[in-house]
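Notes follow once the structure below has been shown.
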Amino acid sequence: MCGIVGYVGREEAAPILLDGLARLEYRGYDSAGIAVYSARDGLQVAKAKGRLQVLSDKIHGGADVRGRIGLGHTRWATHGEPSDVNAHPQLSESGRFAVIHNGIIENYVEIKEFLQEQGVSFVSQTDTEVVAHLLDYYYKDDMMDAVVKVLHRIEGAYAFGIVCADCPDRLIAARKDSPLIIGYGQGFNFLASDVTAVIKYTREVSYLDDGDIAVLTADKVEIYDSLLLPQNKARHTVDWEVSAAEKGGYEHFMAKEIMEQPEAFRKTISPRIQNGRVVLDDLEIGADDLREMDKIYIIACGSSYHVGVVAKYTLEKLLRKPVEVALASEFRYCDPIVSPKTLCIVISQSGETIDTLAAMREAKRLGARVLSIVNVVGSTIARESDDVLYTWAGPEIAVATTKAYSTQLAVIYLIGLYFADQLDAIDEETYRSVLEELQRLPDKMEKVLEQKEKIQYYASRYFNHESIFFIGRNVDYAVGLEGSLKLKEISYIHSEAYAAGELKHGTISLIEPGALVVALAGYRGLFEKLMSNVVEVKSRGADVLGVTTDSLGAEMEKTVDAAVTVPDTLDMLLPSLEVLPMQLLAYYIALMRGCDIDKPRNLAKSVTVE
Ligand code: AGP
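Per this note's numbering, residue 39 is the first one in the sequence shown, and the count goes up by one each step.
In structure tokens, the structure reads:
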């Protein structure tokens with residue numbers, strides 16, 4: 039969704055804002071803009087539809103808009119088409135206020151009508167413009183007073199950056215349900231939608247909470263809560279390097295992040311395995327709580343949901359407790375059966391996905407205990423859950439997730455073993471064999487990634503297909519869901535994933551000569567059954583690309599047109615290996631189709647509107 043950055047300091051603001059926006063490009067956007075103030079030129083605004091480069095060219099890298107305070111924004115359109123006029127910053131009619139916004143103002147129609155009755159003219163179709171005009175309406179020589187009145191009047195979700203030409207030494211930031219951070223420097227300060235925008239300049243940040251309002255000058259940041267009581271906000275030091283958010287020689291972030299997975303997996307599991315046991319010191323949930331718990335609900339969206347599908351199979355097998363997995367956007371509105379005996383596991387890379395956050399809040403309201411699995415430290419979901427286990431994947435920039443998915447799986451395996459141990463649901467031998475195999479997985483992941491040329495070759499054979507089906511059973515099916523999503527996200531090829539046994543119940547009617555079916559058949563106990571499904575699609579003319587383990591490869595190759603094998607492992611751990619060829623296949627197919635891999639059309643990295 040929209041990216042936000044604001045700077046106040048002693049340097050020229052525009053180049054810093056453009057640099058910050060470039061680092062936020064990964065969030066997905068369709069237009070960009072900046073507002074910069076100087077005593078000589080007043081409030082200057084430059085906006086452009088399209089890539090940030092268009093804006094940068096328009097203002098000669100920022101040289102045309104001089105000033106040491108300003109705001110920048112990348113817009114992901116919700117209200118009004120992508121256009122120069124709908125891009126942010128939005129200006130008030132007097133030209134006094136410039137506003138950038140991430141979120142949705144739900145009562146903007148009513149406010150717009152009210153303002154129009156007062157004679158205000160609107161130039162854009164955005165919900166944000168009402169905020170700029172409303173600031174004018176309430177402004178009586180006190181910027182803070184006007185901001186507070188506006189915040190009381192509007193409903194919805196927001197992260198705002200506001201600058202006022204009458205108070206040109208300060209920026210105001212305000213948040214509700216959309217992420218916003220403060221970055222602290224020596225002689226400068228930042229507001230931003232995430233740390234990526236400011237990490238080049240400072241590692242010291244605070245995470246604003248809902249209702250917070252911050253006033254930033256070059257030398258000071260004051261933060262107030264919704265009652266305007268001053269807050270002593272904790273400051274955190276970001277512990278990753280700027281280079282972690284750069285491509286490091288790869289053509290795309292996605293390629294880099296795919297190759298980083300073995301190491302990210304290692305980093306996620308290693309500190310949590312000590313003396314042959316899984317140690318989750320960061321968890322407060324104890325053995326008694328676990329024994330009381332009668333059900334686990336897993337809540338997530340997109341790829342995180344697909345990890346949840348794997349988790350259902352894995353946790354039910356290890357714990358013998360019922361596990362339900364729900365799409366966050368459905369959970370909220372399905373009157374879920376949740377009680378204090380329910381453990382909700384919430385999975386989110388960003389920790390800001392609005393559907394997941396809202397579902398989590400609903401689960402908490404119903405009394406559930408919430409354990410979240412999150413990548414972004416200090417994100418809202420992490421802060422609001424009872425327990426959090428971080429996936430230490432480092433910053434994930436490509437919109438299509440890869441290393442976050444893999445490290446989420448790693449945490450699920452750790453949780454499975456840890457809970458099973460606490461519940462006495464696992465015998466020592468099984469515990470040990472799963473744990474040892476878990477520790478071997480990063481090396482095996484490296485082996486799979488060594489086959490990238492082979493997968494690139496298969497991509498060259500299949501990149502022209504207009505429809506690709508993924509089939510599998512049990513965890514193979516869960517991996518098929520993720521493989522299919524990866525493919526459609528970045529290559530725009532139509533794709534479906536099916537539990538292979540379901541084919542005969544309808545989908546097989548879509549199989550015709552030339553259709554490509556990716557058959558995942560690593561799950562040893564279901565290999566024969568899956569191969570029967572392969573024969574069914576082959577006899578209807580499909581091309582089949584099979585994925586299985588090394589020991590089953592020769593058998594599979596007798597039937598399929600092409601095959602990829604992954605090292606043998608325990609069935610429950612297969613997704614960590616099988617997902618890698620799925621990611622590579624999607625990547626190379628998208629590359630051959632000339633797609634914008636890191637920033638696929640219409641998608642945003644962090645979905646902060648419902
Ligand atoms: C995955 O490639 C997608 N970008 C998307 O499905 C993503 O997994 C989903 O939006 C959930 O995001 P989250 O993990 O940050 O909550």
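Think of the CB as a built atom: it goes at the ideal place given N, C-alpha and C, for glycine as much as any other residue.
Only counting the same chain, and skipping five residues up and downstream in sequence, which positions put a Cβ closer than 8 Å to that of GLY225?
Excluding residues within five positions, the ones whose Cβ falls inside 8 Å are GLY47, ARG48, ALA256 and ASP257.
Separation of TYR451 from GLN82, as counted between CA atoms:
Computed Cα separation, rounded: 53 Å.
Can you give me the C-alpha to C-alpha distance between ILE528 and GLN154, rounded to a whole angstrom?
Across the structure, ILE528 and GLN154 are spaced so that their CA atoms are roughly 42 Å apart.
Which first and last residues belong to the beta strand (DSSP E) in which ARG213 is found?
Here the beta strand (DSSP E) through ARG213 covers 209-214.
Please check the pair PRO619 and VAL486, which I expect to be a contact at CB under 8 Å, by giving their CB distance rounded to whole angstroms.
Right, the Cβ-Cβ distance comes to about 7 Å (below 8 Å), so this counts as a contact.
Distance cut-off 8 Å: SER644 Cβ against heavy atoms of ligand 1
Yes, since a heavy atom of ligand 1 falls inside the 8 Å radius drawn around the Cβ of SER644.
Under a Cβ-count criterion, where at least 16 other Cβ atoms within 10 Å of its own Cβ denotes burial, should GLY340 be classed as buried or exposed?
Taking a 10 Å sphere around the C-beta of GLY340, we find 16 or more other C-beta atoms and assign the residue as buried.
What I want to know is whether the C-beta of LEU523 ends up closer than 8 Å to one or more non-hydrogen atoms of ligand 3.
Ligand 3 is not part of this structure, which contains only ligand 1.
How many Å lie between LEU328 and LEU564 at the Cα?
Distance between the alpha carbons of LEU328 and LEU564: 31 Å.
Under the three-state DSSP convention, the category GLN312 falls into:
GLN312 sits in a strand when the DSSP states are folded into three classes.
Can you say whether ASN124 is buried or exposed, counting buried as having 16 or more other CB atoms within 10 angstroms of its CB?
A residue is called buried when at least 16 other Cβ atoms come within 10 angstroms of its Cβ; ASN124 meets this threshold and is buried.
Whole beta strand (DSSP E) runs in the region 472-528 with 3 or more residues, listed along the chain?
Segments of the beta strand (DSSP E) lying fully in the region 472-528: 505-510.
Out of GLN460, LEU461, GLU434 and TYR456, which one is the CA nearest neighbour of VAL472?
Of GLN460, LEU461, GLU434 and TYR456, the residue nearest in Cα terms is TYR456.
Label ILE375 either buried or exposed according to how many other C-beta atoms from any shown protein chain fall within 10 Å of its C-beta, with 16 as the threshold for buried.
Around the C-beta of ILE375, fewer than 16 other C-beta atoms lie within 10 Å, and the residue is accordingly described as exposed.
Three-pair Cβ contact test at 8 Å for the region 137-150 versus the region 187-196
With a cut-off of 8 Å, the region 187-196 and the region 137-150 count as touching, because enough Cβ pairs lie within range.
Are LEU568 and ARG511 touching if we call contact CB-CB under 9 Å?
If you check the CB distance, LEU568 and ARG511 come in under 9 Å.
Reduced DSSP secondary structure (H/G/I, E/B, other) of GLU301
The DSSP-derived three-state label of GLU301 is helix.
Roughly how many angstroms lie between the CA atoms of ALA535 and ASP606, to the nearest whole one?
Straight across, the Cα-Cα distance linking ALA535 with ASP606 is about 23 Å.
Starting from the Cα of LEU479, find the closest Cα among GLU550, ALA628, GLY632 and LEU611 and give me that residue.
Comparing alpha carbon positions, the residue from GLU550, ALA628, GLY632 and LEU611 closest to LEU479 is LEU611.
Going by C-alpha distance, which of LYS178, VAL168, ALA559 and ASP204 is nearest PHE198?
Residue VAL168 holds the alpha-carbon nearest to the alpha-carbon of PHE198 among LYS178, VAL168, ALA559 and ASP204.
If the criterion is Cβ atoms closer than 9 Å, does the pair ALA401 and TYR495 meet it?
No. Outside cutoff.
Residue range of the unbroken beta strand (DSSP E) whose run includes GLU593
Following the DSSP letters along the chain, one finds GLU593 in no beta strand (DSSP E) but inside the alpha helix (DSSP H) bounded by residues 588-595.
DSSP three-state call for GLN387: helix, strand or coil?
GLN387: coil per DSSP, three-state reduction.
Return helix, strand or coil for GLU144, following the three-state DSSP convention.
DSSP places GLU144 in coil when its eight states are reduced to three.
For GLN621, report the span of its alpha helix (DSSP H) as first-last.
Unbroken alpha helix (DSSP H) run through GLN621: 612-630.
In the DSSP assignment, find the beta strand (DSSP E) that holds GLY221 and state where it starts and stops.
Note, GLY221: beta strand (DSSP E), 219-222.
Candidates VAL345, LYS285, VAL426 and ASP393: which alpha carbon is nearest GLU322's?
Nearest in C-alpha terms to GLU322, of all of VAL345, LYS285, VAL426 and ASP393, is VAL426.
Would you call TYR371 buried or exposed, if buried means 16 or more other Cβ atoms sit within 10 Å of its Cβ?
Exposed is the call here.
Which parts of the region 343-383 are runs of the beta strand (DSSP E), unbroken and 3 residues or longer, counting only runs that do not cross its ends?
As far as the region 343-383 is concerned, its whole beta strand (DSSP E) runs of at least 3 residues are 361-365.
Going straight from the alpha carbon of GLU595 to that of GLU279, what length do you get?
GLU595 and GLU279: Cα-Cα distance of roughly 44 Å.
Segment limits, beta strand (DSSP E) that includes ASP636:
In the DSSP annotation of this structure, ASP636 is not part of any beta strand (DSSP E), being labelled neither H nor E.
Taking C-alpha atoms, which residue in ASP174, ILE435, ALA463 and TYR262 lies nearest to ASP247?
Nearest option by C-alpha distance: TYR262.
Using the beta-carbon count (16 or more within 10 Å), is GLU298 buried or exposed?
Label assigned to GLU298: buried.
For the alpha helix (DSSP H) holding ASN571, just list the boundary residues, first then last.
565-576 is the extent of the alpha helix (DSSP H) around ASN571.
Could you compute how far the alpha carbon of SER498 sits from the alpha carbon of THR440?
Between the alpha carbons of SER498 and THR440 lies a gap of roughly 21 Å.
Consider the C-beta atom of ILE385 and the heavy atoms of ligand 1; say whether any pair is separated by less than 8 Å.
True, at least one ligand heavy atom lies under 8 Å from that Cβ.
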